[in-house]
Every structure is written in structure tokens, then in C-alpha cells.
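Engineer: Could you have a look at this structure, given as C-alpha cells, before my questions?
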Amino acid sequence: MPELPEVETYVRELAPQLSGSCVQAAQIYWPRTIATPTAPIFARRILGSRFVDFSRRGKYMLLGLADGMTLIVHLRMTGKVLVKPAGSVAALHTRVVLDLDDGRHLHFHDTRKFGRIWLVGDTETVLAKLGPEPLSSDFTREDFGVRLVGRRAPIKALLLDQAILAGVGNIYADEALFLAGIDPKRLGGTLTDAEIGRLHGTVREVLLRGIELQGSSLGGSSLQNYVRPGGEPGGFQEEFQVFRRTGKPCPHCGTPIERIVLAQRSTHFCPACQS
DNA sequence: ATAAGGCCCTGACCGC
DNA sequence: TGCGGTCAGGGCCTTA
Numbered sequence: 224m225p226e227l228p229e230v231e232t233y234v235r236e237l238a239p240q241l242s243g244s245c246v247q248a249a250q251i252y253w254p255r256t257i258a259t260p261t262a263p264i265f266a267r268r269i270l271g272s273r274f275v276d277f278s279r280r281g282k283y284m285l286l287g288l289a290d291g292m293t294l295i296v297h298l299r300m301t302g303k304v305l306v307k308p309a310g311s312v313a314a315l316h317t318r319v320v321l322d323l324d325d326g327r328h329l330h331f332h333d334t335r336k337f338g339r340i341w342l343v344g345d346t347e348t349v350l351a352k353l354g355p356e357p358l359s360s361d362f363t364r365e366d367f368g369v370r371l372v373g374r375r376a377p378i379k380a381l382l383l384d385q386a387i388l389a390g391v392g393n394i395y396a397d398e399a400l401f402l403a404g405i406d407p408k409r410l411g412g413t414l415t416d417a418e419i420g421r422l423h424g425t426v427r428e429v430l431l432r433g434i435e436l437q438g439s440s441l442g443g444s445s446l447q448n449y450v451r452p453g454g455e456p457g458g459f460q461e462e463f464q465v466f467r468r469t470g471k472p473c474p475h476c477g478t479p480i481e482r483i484v485l486a487q488r489s490t491h492f493c494p495a496c497q498s
């Protein structure tokens, strides 16, 4: 599941590969992938677009175009953005292909069809509801605390709420709560100042570590024909302290990690360390 | 305003 | 081996 670190890695990889390239043709195999505008209008409007700017907001990838429009991509569960060499054919589950002016192709591959692409003039029409970027200076512990005041949802659910902060998904939420020693079931409004401070720090810590590990496992050599998918085994996976480690010993105290469901999401935690 | 549940999807997995 | 049922899960939508 791509979360903030995986999306950040994608953007960093895509920038040098796509910068300056022009879209010459578009094939849309699954129209619902295109959120805005309609698929036919998208296919026409994207023609001639030149990629000039690359950034990220939460889990959204922002590909800025020379005409001022922005191509926004959300990978959701299984989305992947792949830069393919000239002549390559679309694999099963490829939903959108943009042909580039040098013959290469930009593929959007998405097994489960949850991913979405927008082509907009004003990015705020898509991003307006997002909370602060966890890694920016806008995300202070004071601001974080204000957003939790009076909240009666479990803190795990609030970490997943993109309006509170942008970019944390199920993996990093569990990891941050473990490092902060906070029970995921605790209601947001009941956290102490000290706990809010710790969680503010561990959220940033796990995201930064995720970006580091994504980057370090790239190797820089196997990327000619694709941008590596985020969150695959071999990188951060082995670093998880609690995520998907149900029944395995807590790395701190040895107590078996438990799994519960909160906010319809599997949640992993140490019942001894997190209270 | 906030919280909770359904929905979209497909492949993996489970039990028989 | 084959088959039906269940599950995962981000964000949006609806309901309470």
C-alpha cells in the first residue's frame, strides 16, 4: 500500500525520467480511473502536455504541466506508475497509457482499480480537505494537539484521517503508535500532552525512515523501464515492529503482538507496551 | 461536526 | 484439482 514515503519515492524517481517529455497520445483502458474531467475530454486535453514539475501532497502525486495544468495521481491500494521503453505493450491491469514524444510510455497499472487520476487547473479542487504535511514545519505538535481535542474516535482512526494530517496509512499509523507507546484504541481526545508530543515525533520518524529505506533499496540500476512499486518486500517490510506481525514477539518486551480491527482497518500493537 | 458503515475491486487464501 | 466464500484496504459517500 503506497503511503507518503512510497509516493515521495515515486515522485523523486519520475522527475528525472519524465521532465521535459510531451504526451503525444493517450489510451484509457478503464475510464473510471480518470476522476476529472471525463475520460474522453481527458484524453484530448492531455495531448501536447509537457511535464515540468514534480511534487507530492499527502499520498497524491502532482505532475505539473507546462500549460499550468496538473496531472494528479493517487495510487490507492495497488496503483503503480511505470515508465516503459518504446515498443512495450500494456500488461494486464494497465488502466491508462500516455505515449511520450520520445517513444516511451507512461503506464498507470492498477490491479484493483481503486487508483484515480485528475487533470485540473487548480489542485485545490482535489487537495483542499487535506491536513498538514507531516514532514513540513506546518505540522507542529501544538497544531496536532488542537486537531485531537475532543475527538472520540480511536487515535488509530484519526491518524488515518487525511484531514488531520496527510499521508499516513495503515502501516505507518501502527508503527508510529507502537514507537510512541500508545494504545491504538485510545480516543484521540484523551491523549496527554506528552503522548501527543511523542506521537508527533514518531509519525515523522517512521515516515522519514520509510523514505530512506525506499531510496536505499532502489540501487539506481534496475530502473530503466519502470519506476519501482512502493512498499514491496525487501525494503521497509523487514523493518516493521508490529505491522503484520500478529503473534510474533514484541521487539521491546517479547509479548505477542495482537491484531484487532479499528476503523475497518487491521491494527497491530503490543498489548504490554502500548497503553 | 463527528463517527461509523458501505462501497468499489481483484487476487490470495481457506476449507471442503 | 476445483470451487465458492472471505478478506484486505484508501477515500468517498451516506447515514446516524
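Quick note: the first sequence uses this note's numbering, first residue 224, plus one each step.
Beta carbons are placed, not taken as given, at the ideal position from N, Cα and C, and that holds for glycine.
1) What would DSSP say about I340, mapped onto helix, strand or coil?
2) Measuring alpha carbon to alpha carbon, tell me which residue in R279, L227, R267 is nearest A238.
3) Pull up the distance between the alpha-carbon of T515 and that of F274, whole angstroms please.
4) Any idea if I480 is buried or exposed, counting beta-carbon neighbours within 10 angstroms, 16 or more meaning buried?
5) Using DSSP with H/G/I as helix, E/B as strand and the rest coil, what is Q464?
6) Taking the runs of the beta strand (DSSP E) that are 3 residues or longer, which of them lie wholly in the segment 288-312?
7) Thinking C-alpha only, which one of C493, F466, A314 is nearest G477?
8) Take the Cβ of I264 as the centre, count every other Cβ of all protein chains shown within 10 Å, and call the residue buried at 16 or more, exposed below.
9) Along the beta strand (DSSP E) that carries L321, what are the first and last residues, could you check?
10) Alpha carbon to alpha carbon, how far is L371 from L270? Give it in angstroms, no decimals.
11) What distance in whole Å lies between the Cβ atoms of T232 and I434, which are believed to be in contact at a cut-off of 8 Å?
12) Have a look at M284 and E226 and give me their C-alpha separation to the nearest angstrom.
13) I'd like to know whether the C-beta atoms of L321 and L329 end up nearer to each other than 8 Å.
14) Classify V369: buried if its beta carbon has 16 or more other beta carbons within 10 angstroms, exposed otherwise.
15) Measure the alpha-carbon distance for R364 versus P355 and round it to whole angstroms.
Structural biologist: Let me lay it out:
1) In the first sequence, residue 340 corresponds to position 117, counting from 1. Three-state DSSP puts I340 in a strand.
2) For the purposes of this step, residue 238 is taken as the residue at position 15 of the first sequence. Nearest of R279, L227, R267 to A238, Cα basis: R279.
3) Any property of residue 515 remains undetermined from this structure, which presents the chain solely from 224 to 498.
4) Here residue 480 refers to the residue found at position 257 when the first sequence is read from its first residue. It is buried - the Cβ of I480 has at least 16 other Cβ atoms within 10 Å.
5) Indexing the first sequence from 1 puts residue 464 at position 241. The answer is coil: DSSP assigns Q464 none of H, G, I, E or B.
6) 293-297, 302-307
7) Residue mapping note: residue 477 aligns to position 254 of the first sequence, counting from 1. Among C493, F466, A314, the Cα nearest to that of G477 belongs to C493.
8) Counted from its first residue, the first sequence places residue 264 at position 41. Classification of I264: exposed, given that the 10 Å Cβ count is below 16.
9) Your numbering for residue 321 matches position 98 in the first sequence. 317-323 is the extent of the beta strand (DSSP E) around L321.
10) Within the first sequence, residue 270 is the residue found at index 47, counting from 1. Within the first sequence, residue 371 is the residue found at index 148, counting from 1. If I take the Cα positions, the gap works out to 44 Å.
11) On the first sequence, position 211 is the one that residue 434 refers to. On the first sequence, position 9 is the one that residue 232 refers to. 7 Å between Cβ atoms; contact.
12) What you label residue 284 is simply residue 61 of the first sequence in a count that begins at 1. What you label residue 226 is simply residue 3 of the first sequence in a count that begins at 1. Cα-Cα distance, rounded: 11 Å.
13) Here the question's residue 321 lines up with position 98 in the first sequence. Here the question's residue 329 lines up with position 106 in the first sequence. Cβ atoms of L321 and L329: closer than 8 Å.
14) As a position in the first sequence, residue 369 is number 146, starting the count at 1. When all chains shown are included, V369 counts as exposed.
15) The count along the first sequence starts at 1 and reaches residue 364 at position 141. The count along the first sequence starts at 1 and reaches residue 355 at position 132. Rounded to the nearest angstrom, the two C-alpha atoms are 11 Å apart.
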